[in-house]
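Under UniProt numbering, the first residue of the sequence shown carries the number 1, and numbering increases by one thereafter.
We put the CB at the ideal spot given by N, CA and C, even for glycine.
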Amino acid sequence: MKILVTSVTALAPLVWGTTYVVTTELLPPGHPLFAALVRSLPAGLIAIALTRTPPRGNWWLKAAMLGLLNIGVFLPLLFVSAERLPGGVAATLGAAQPLLVAVLAVAVLRQSPSAWHFAWGIVGMAGVGLVVIGPAAGFDPIGIAAGLAGTSAMALGVILTKRWGRPAGVGPTAYAGWQLTAGGLFLLPLTWIFEGAPPAIDGPAALGHLWLGLPGGLIAYILWFRGITTLPVTSVAVLGLLSPMVAALLGAVLLGQLLRPVQLLGFALALAAIVAAQLTPRNMNPQPSLERINR
């Protein structure tokens, strides 16, 4: 059962790996807030319309906070990073998320420090770095700051998602819809203030937004949040390494970016980290259950 849930959850970062090529090749440049808004708000409203399940009680505040971290802050910073940095540098910054999640799991979830997950998080980040950072990589300070801030916001969002779980009787579609809508509503006035009128949308841009909004937004977040509330949080976080690996493969297939031997070594290290993070050595204490976390 765990293998099935892990495999389904992994589909989310696999789809997110297309973000870099879609952003650079299809979307109009210079509109990261608009791209994040279109990716989140329509998908969230669709989910709420389908489920007809609004938040109740203190879940209005919790959903707003999770939506702010996982969507409203993370997505625009992701697009800023993708626009200002080579995809490899941006992806490597995102690969730091498993390490941040491992640290926050100790601080927020009160889990025992796991040398196993810390070590494989470092190996995974190093592997991603070998895959995606080339000799001509640029280091734009704003892009780097945006990438690190976005990664930190989502890491905290992942931890709080695990801590609070899902309310009884609420499915993953409604849960994702709450967060996508909250994040989108946060972005709506900011987009108008800082970017003004929406950019012209041609056919390729429309297809790009549609892909990022439905498979890359609604469906992916449903699978992702379901996985977080079901699986050990550090194991789920490491699945995010699949995203930059997909980005590198798409660069090779679609953009003619050749894979060198050092990149193949990086793929092997990252895959090893992903698999190892799903395992827990017998001499380690199991992670606390969701019920214990919520007490």
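Less than 8 Å separating the beta-carbons of residue i and residue j?
i: glutamine 97; j: alanine 237; result: yes
i: glycine 183; j: asparagine 70; result: yes
i: phenylalanine 79; j: threonine 24; result: no
i: phenylalanine 74; j: glutamate 195; result: no
i: alanine 270; j: methionine 245; result: yes
i: valine 128; j: leucine 241; result: yes
i: phenylalanine 225; j: alanine 176; result: yes
i: glycine 121; j: leucine 99; result: yes
i: serine 40; j: glycine 217; result: yes
i: alanine 107; j: glycine 213; result: no
i: threonine 191; j: leucine 37; result: yes
Where does residue i sit, in a helix, a strand or coil, going by DSSP?
i: isoleucine 3; result: helix
i: glutamine 97; result: helix
i: histidine 209; result: helix
i: proline 32; result: helix
i: serine 114; result: coil
i: valine 233; result: helix
i: threonine 9; result: helix
i: glutamine 278; result: coil
i: alanine 126; result: helix
i: proline 261; result: helix
i: alanine 47; result: helix
i: threonine 53; result: coil
i: alanine 200; result: coil
i: threonine 18; result: coil
i: residue 339; result: The requested residue 339 is not part of the displayed model; the chain covers only 1 to 295.
i: valine 170; result: coil
Suppose you measure from the CA of residue i to the CA of residue j; what does that come to, to the nearest Å?
i: leucine 61; j: arginine 260; result: 48 Å
i: serine 152; j: lysine 2; result: 27 Å
i: phenylalanine 267; j: methionine 125; result: 11 Å
i: leucine 45; j: threonine 181; result: 6 Å
i: alanine 248; j: leucine 279; result: 26 Å
i: isoleucine 159; j: proline 113; result: 15 Å
i: glycine 147; j: glutamate 83; result: 11 Å
Using a Cβ-Cβ distance cut-off of 8 Å, determine whether residue i contacts chain D.
i: glycine 44; result: In the structure shown, chain D cannot be found, because there is only a single protein chain.
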